[in-house]
Amino acid sequence: MSSSLFDLTGETAVVIGGTGVLGGAIAQGLADAGAKVTVIGRTKRSELPFVAADATKIDSLRRAHEQTGTPTILVNAAGGNDPKATVTPEMPFEKIPHENWAGVFDLNLVGGVLFPCQVFGAAMTRGSIINIASVSAHIPLSRVVTYSAAKAAVLNLTMFLAREWAGKGVRVNSITPGFFPAEQNRRLLFKEDGTPTPRAQAIMGHTALSRFGEPKELVGAAVFLASSRASGFVTGTDLRVDGGYLSQTI
Ligand SMILES: NC(=O)c1ccc[n+]([C@@H]2O[C@H](COP(=O)([O-])OP(=O)(O)OC[C@H]3O[C@@H](n4cnc5c(N)ncnc54)[C@H](O)[C@@H]3O)[C@@H](O)[C@H]2O)c1
Numbered sequence: 002m003s004s005s006l007f008d009l010t011g012e013t014a015v016v017i018g019g020t021g022v023l024g025g026a027i028a029q030g031l032a033d034a035g036a037k038v039t040v041i042g043r044t045k046r047s048e049l050p051f052v053a054a055d056a057t058k059i060d061s062l063r064r065a066h067e068q069t070g071t072p073t074i075l076v077n078a079a080g081g082n083d084p085k086a087t088v089t090p091e092m093p094f095e096k097i098p099h100e101n102w103a104g105v106f107d108l109n110l111v112g113g114v115l116f117p118c119q120v121f122g123a124a125m126t127r128g129s130i131i132n133i134a135s136v137s138a139h140i141p142l143s144r145v146v147t148y149s150a151a152k153a154a155v156l157n158l159t160m161f162l163a164r165e166w167a168g169k170g171v172r173v174n175s176i177t178p179g180f181f182p183a184e185q186n187r188r189l190l191f192k193e194d195g196t197p198t199p200r201a202q203a204i205m206g207h208t209a210l211s212r213f214g215e216p217k218e219l220v221g222a223a224v225f226l227a228s229s230r231a232s233g234f235v236t237g238t239d240l241r242v243d244g245g246y247l248s249q250t251i
């Protein structure tokens, strides 16, 4: 009885950004729960069925959709920060060029959620969409202005689509990961010798569980939100898997 709540047999999933650290763990977790999973990314880095696409190009996603067909589970996990759109002593907020802002919004909001939902989500007739947000969507991370703003927009778009597509039986939620070491945040978290940066130490000090997350720790949240038996009355919400980061201040 309890395991059938989380059984995804018969479901088909598309995980965009499933070539990455978090998307890859989620893709494998959905497959382990019984779903037929296709990973979409720019370059193949997955043992699961793979289709190449650039999520920031809607035509590229349309071609990928023709190959995958319409899923019942869509995970939008492409994204990441760009240091060129982050405040530094050399580049204060007011000097961040528009193209750098636009690049981060293009990846995290447009390619991250908007285009995948316009292509895959619009075609879905039932099921679950899971967008990957960030703790910085809730409270901006110092210096990381552009990424924080783009991820805040991901939360808002998630809520909008939850209402928009409730009538057709598609639920739309997000997961907020805390800090999980991955390619896109390696320079933020680790020095070249592999030891944590002062920033990483501050983050751990601000995380109730005093550690970074492991990618497999996102799987339970993703399977829960993907399963209509487990989360059929859950839509428009955000599930935090952050070790308690957002539950406290200093
Ligand atoms: N790692 C963390 O601590 C953390 C925390 C909060 C949120 N996130 C979010 O989780 C998601 C996954 O990030 P990650 O940490 O696994 O990083 P990652 O760099 O390992 O994965 C990101 C993936 O997105 C893919 N991607 C990038 N641009 C793309 C494009 N234009 N088209 C298709 N695919 C593209 C990359 O190839 C990569 O496979 C992102 O949205 C990120 O913002 C990560």
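Numbering (the working numbering), first residue to last: 2 to 251. The beta carbon of each residue, even a glycine, is placed where N, CA and C say it ideally should be.
With three or more CB-CB distances shorter than 8 Å, the stretch 116-127 counts as touching the stretch 74-81. When beta bridges are read from the DSSP output, SER129 appears opposite ILE74 and ARG172.
In the structure shown, ASP243 adopts coil according to DSSP, grouped into three states.
Assignment of THR13 by DSSP, reduced to helix, strand and coil, places it in the strand class. Rounded to the nearest whole angstrom, the CA to CA distance from ALA14 to PRO72 is 5 Å. If you draw a straight line from the Cα of ALA26 to the Cα of ASN82, it comes to about 19 Å. Within a 10 Å sphere around the beta-carbon of GLN202 sit fewer than 16 other beta-carbons, which makes this residue exposed. In this structure ILE130 touches LEU162 by the C-beta definition: roughly 7 Å separates them, less than 8 Å. Here PRO197 is bridged, per DSSP, to PHE191. For VAL52, the uninterrupted beta strand (DSSP E) segment begins and ends at 51-53.
ARG187 counts as exposed, since fewer than 16 other beta carbons sit within 10 angstroms of its beta carbon. Beta-bridge partners assigned by DSSP to ILE97: none are found. For ligand 1, no non-hydrogen atom lies closer than 8 Å to the CB of GLU48.
With distances taken between CA atoms, THR10 lies nearest to GLY35 out of VAL16, THR20 and GLY35.
Contact between GLY168 and ALA209 fails: their C-beta atoms lie close to 39 Å from each other, not under 8 Å. At a threshold of 8 Å, THR57 counts as near ligand 1, since its beta carbon sits closer than that to one of the ligand's heavy atoms. Judged by DSSP in its simplified three-state form, LYS217 adopts helix. One thing to note: GLY113 has its Cβ no nearer than 9 Å to the Cβ of GLY21. Each residue's CA atom was taken as its position, placing SER61 and ALA124 some 16 Å apart. Contact check between the stretch 166-184 and the stretch 221-234: three or more CB pairs, one atom from each, fall below 8 Å, which counts as touching. With three or more CB-CB distances shorter than 8 Å, the stretch 150-158 counts as touching the stretch 104-113.
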